[in-house]
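Report on the structure given below.
In structure tokens:
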């Protein structure tokens with residue numbers, strides 16, 4: 174596999190469920206990100222990990238819990254979510270300090286909270 | 150924090166014609182990256198074109214080119230000879246150089262290509 178892979182692609186959960194989103198990158202990058210994409214709004218940065226260390230937490234509610242066990246894998250653990258958390262969650266990676274500076278995105282996980 | 154503004158929520162273009170998507174940004178930094186990303190319906194967001202702020206020459210990638218006006222903090226995307234496959238959401242993005250790995254995105258422009 175190449176690029177950035179996200180699973181599952183679609184997830185429906187109740188407000189009391191616990192689920193996780195998974196992201197894996199095969200690009201050798203050292204930075205990974207979670208973004209939330211809602212209609213008519215800019216992409217919202219949630220978390221950034223550099224070399225497995227969390228360097229950014231954009232005031233995200235504690236019902237979202239990230240985990241980065243190594244520089245290739247990133248998880249987003251979800252619990253006690255609200256209907257307004259329904260959105261497309263995008264994972265991305267980049268090479269910190271690299272010459273191109275761009276983000277590479279996964280296809281996203283479409284989350285629906287009932 | 151930097152802000153990125155895309156003032157055109159929706160645009161349409163006739164196939165084979167040219168369209169320009171607008172983007173402005175606010176920053177006090179002198180060096181940074183600017184990007185245009187394309188997100189087709191239900192598909193992955195991909196990079197269209199990149200511009201380094203220290204470069205005066207406008208970036209081009211085949212049918213895609215930018216008009217980078219640093220003083221005006223403007224970064225528009227021109228798509229020439231539009232094709233049906235160009236239909237997508239287009240996002241303008243800003244990235245600082247050196248100050249962490251923060252990217253700032255606009256709200257996007259939905260482009261429709263009319264056959």
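Protein chains in written order, with our numbering: chain H, 174 to 287; chain V, 150 to 264.
Glycine is no exception: its CB is placed at the ideal position from the N, C-alpha and C atoms.
Below-8 Å beta-carbon distance, residue i vs any chain H residue
| i | result |
| --- | --- |
| residue 173/V | no |
| residue 254/V | yes |
| residue 194/V | yes |
| residue 97/V | Residue 97/V lies beyond the residue range present for chain V, which begins at 150 and ends at 264; the question has no answer from this structure. |
| residue 163/V | no |
| residue 157/V | no |
| residue 199/V | yes |
| residue 206/V | no |
| residue 151/V | no |
| residue 212/V | no |
| residue 232/V | no |
| residue 251/V | yes |
8 Å Cβ cutoff met for residue i and residue j
| i | j | result |
| --- | --- | --- |
| residue 205/H | residue 266/H | yes |
| residue 260/V | residue 162/V | yes |
| residue 173/V | residue 154/V | yes |
| residue 209/H | residue 260/H | yes |
| residue 300/V | residue 252/V | Lying before the first or after the last residue shown, residue 300/V is absent from chain V, which here runs from 150 to 264. |
| residue 286/H | residue 219/H | no |
| residue 217/V | residue 200/V | yes |
| residue 226/V | residue 195/V | no |
| residue 240/V | residue 182/V | no |
| residue 258/V | residue 159/V | yes |
| residue 164/V | residue 231/V | yes |
| residue 216/H | residue 236/H | no |
| residue 202/H | residue 283/H | no |
Beta carbon proximity, residue i to chain V, threshold 8 Å
| i | result |
| --- | --- |
| residue 218/H | yes |
| residue 181/H | no |
| residue 278/H | yes |
| residue 254/H | no |
| residue 195/H | no |
| residue 274/H | yes |
| residue 263/H | yes |
| residue 215/H | yes |
Identity of the residues DSSP links to residue i by a beta bridge
| i | result |
| --- | --- |
| residue 175/V | 152/V |
| residue 199/V | 184/V |
| residue 228/V | 168/V, 213/V |
| residue 197/H | 178/H, 246/H |
- Ranges of the beta strand (DSSP E) found wholly within the region 206-262 of chain H, counting only runs of at least 3: Runs found: 217-223, 226-230, 237-243, 246-252.
- Task: Please determine if the region 231-249 of chain H and the region 192-200 of chain H are in contact, where contact requires at least 3 C-beta pairs separated by less than 8 Å.
- Result: Yes, since at least three Cβ pairs between the region 231-249 of chain H and the region 192-200 of chain H fall closer than 8 Å, the two stretches touch.
- Counting Cβ pairs, one atom from each stretch, are 3 or more of them under 8 Å apart for the region 177-192 of chain H and the region 220-229 of chain H? Contact fails: fewer than three Cβ-Cβ distances are below 8 Å.
- the region 276-284 of chain H in contact with the region 228-248 of chain H per 3-pair CB rule at 8 Å: The region 276-284 of chain H, when compared against the region 228-248 of chain H, does not touch it at the 8 Å Cβ threshold.
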